[in-house]
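Position 82 of the sequence shown, counting from 1, maps to 78 under this note's numbering, and the rest follow consecutively. Written below as structure tokens is the structure these notes are about.
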Amino acid sequence: MRLLLLVLLALPLSAAAQDDAHPPLISRGTLLIDGRAHASRTTDDLTEHMAVAASPRLGVFVTDALAVGADVRAGYSRQTVETLGQSERTTRLYAAPFVAYYLGAPAWTVRPFASTSVGGEAVRTTREGPTGTPTIRTTRLSGEFSAGALVRLGTNVGLTGEAVYGWSRALDEGATSLRGGVAVFLGR
């Protein structure tokens, strides 16, 4: 526990000690292009599950450290249950405005941030099996809140890692996850 506390205190202090040789990534007028991708495949004796998703974001810093923009997510998944001869395919599309706030001094190598978005999600699910092929289409209000850190890799690029809490109004449920991505900053 002491080691974890020491690491958590050392990161901001070491970042604050950085020189100003690199221009600030997160300043007014800078364009933010952020993206994440996901692919997974799991199998066991009875089922097979495959999923792919992409999540680009495009925003602009309206003040130093505060970005607003558009968040888009698209995903596809397929699940097959061998013993029942059933399969299910789901396609999702999410679009929403986002707000992100970055903490710390502009030249820090590690910048903590918080981000939120609320928007619409369209879901199409097709089930195939002995009982026919019903297709279900739904739209719902969804959103997420995340907290994470940006680690600067160069003048205009960084890696992001964040803990996410997402929710869906139609399902009245929430889910937590971890995600990582790449952020590119195009500025003055």
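Virtual Cβ for every residue (Gly too), placed ideally from N, Cα, C.
Whose C-alpha, out of Ser73, Thr134, Ile22, is nearest the C-alpha of Asp30? In the sequence shown, counting from the first residue as 1, residue 30 sits at position 34. Comparing C-alpha distances from Asp30 to each of Ser73, Thr134, Ile22 shows the shortest one belongs to Ile22.
Opposite Val180 in the DSSP bridges: which residues? Taking the first residue of the sequence shown as 1, we reach residue 180 at position 184. Per DSSP, the beta-bridge partners of Val180 are Ile29, Val153.
Beta-carbon proximity list for Ala63, same chain, < 6 Å, skipping 5 on both sides: As a working mapping, residue 63 is identified with position 67 in the sequence shown. Cβ neighbours of Ala63 within its own chain (closer than 6 Å, five residues either side excluded): Leu28, Gly55, Phe57, Ala96.
Which of helix, strand or coil does DSSP assign to Leu54? Translated into positions along the sequence shown, residue 54 becomes position 58. Residue state, collapsed to three classes: strand.
Cα separation between Arg107 and Thr79? Residue mapping note: residue 107 aligns to position 111 of the sequence shown, counting from 1. Residue mapping note: residue 79 aligns to position 83 of the sequence shown, counting from 1. Roughly 49 Å separates the two Cα atoms.
So, at 8 Å on beta carbons, what are the nonlocal neighbours of Leu155 in its own chain, with the 5 sequence-adjacent residues on each side left out? Taking the first residue of the sequence shown as 1, we reach residue 155 at position 159. Same-chain partners within the cutoff: Leu146, Val147, Leu149, Gly176, Gly177, Val178, Ala179.
Could you tell me the boundaries of the beta strand (DSSP E) in which Ile132 lies? Residue numbering aside, residue 132 sits at position 136 when the sequence shown is read from its first letter. 131 to 148 is the extent of the beta strand (DSSP E) around Ile132.
Between Thr121 and the rest of its own chain, which residues show a CB-CB distance below 6 Å, the 5 nearest in sequence each way excluded? For the purposes of this step, residue 121 is identified with residue 125 of the sequence shown, where counting begins at 1. Same-chain partners within the cutoff: Thr86, Ile132.
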